[in-house]
Amino acid sequence: MDTLLHNKWSASGMLFGAISLLIVTFHFTFGPFNPPPKLDHIVAEQVSALKRGVIAGLRGQEPKSVLPEKRHFNLDGLLTGGSIGMAILALFTAFIGGLRKENAWCRNGALLFGGATLALHALLLGITLVTCLIVLLSILTVVAFFLG
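Start counting the sequence shown at 538; every next residue gets the next number (my numbering).
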């Protein structure tokens, strides 16, 4: 307990980093919690609004403007933003702990947890981009095979 009292900044950085890493692993394992609306639902709403506007214009009425739906609480965005924010906060507190010459174990723990959280986010983004590129190239290959 004495170590934590002498290394307040680094210990709080370890706490922030560990919590953010737990949030990321939980969200990656069990998420997404708010799936996006389906594409056919979005298209059907837009077509319906367009149809109502055309009919109102043909009748000589003023088309009603449909107000967009209120945005609902997005738990996925909150978890992602909160975990990135806590990881950056962990790195910042590790930096302050380094300036105050706190214990190296605490500083390194804060750097490890905060850095691992940001590295996991970067890894997931990279995997997503590579997968999208592979799918796009495979679609272009199939189209070129049939057309060419």
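By construction, the Cβ of each residue, glycine as well, lies at the ideal position given by its N, Cα and C atoms.
Option in the options with minimal Cα separation from residue i
i: glycine 554; options: Ala593, Phe650, Arg596; result: Phe650
i: serine 585; options: Lys601, Met538, Pro572; result: Lys601
i: proline 572; options: Asn544, His609, Lys545; result: His609
i: isoleucine 621; options: Gln598, Ile556, Cys643; result: Ile556
i: leucine 552; options: Thr678, Met623, Phe683, Ile671; result: Met623
Helix, strand or coil at residue i according to DSSP, with G and I counted as helix
i: glutamate 582; result: helix
i: glycine 538; result: Looking at the sequence shown, residue 538 is not glycine but methionine. Here methionine 538 sits in coil by DSSP.
i: glycine 685; result: coil
i: phenylalanine 567; result: helix
i: lysine 588; result: helix
i: lysine 575; result: coil
i: lysine 545; result: helix
i: serine 675; result: helix
i: phenylalanine 610; result: coil
i: glycine 550; result: helix
i: serine 602; result: coil
i: glycine 597; result: coil
Sub-8 Å separation of residue i and residue j beta-carbons
i: phenylalanine 563; j: leucine 612; result: no
i: serine 547; j: glycine 634; result: yes
i: leucine 558; j: threonine 654; result: yes
i: threonine 630; j: alanine 647; result: yes
i: valine 561; j: leucine 657; result: yes
i: asparagine 640; j: asparagine 544; result: yes
Expected contact under 8 Å - CB spacing of residue i and residue j to nearest Å
i: glycine 550; j: alanine 627; result: 4 Å
Just to confirm the assignment: which complete beta strand (DSSP E) runs, minimum length 3, are found wholly within the segment 627 to 667? none
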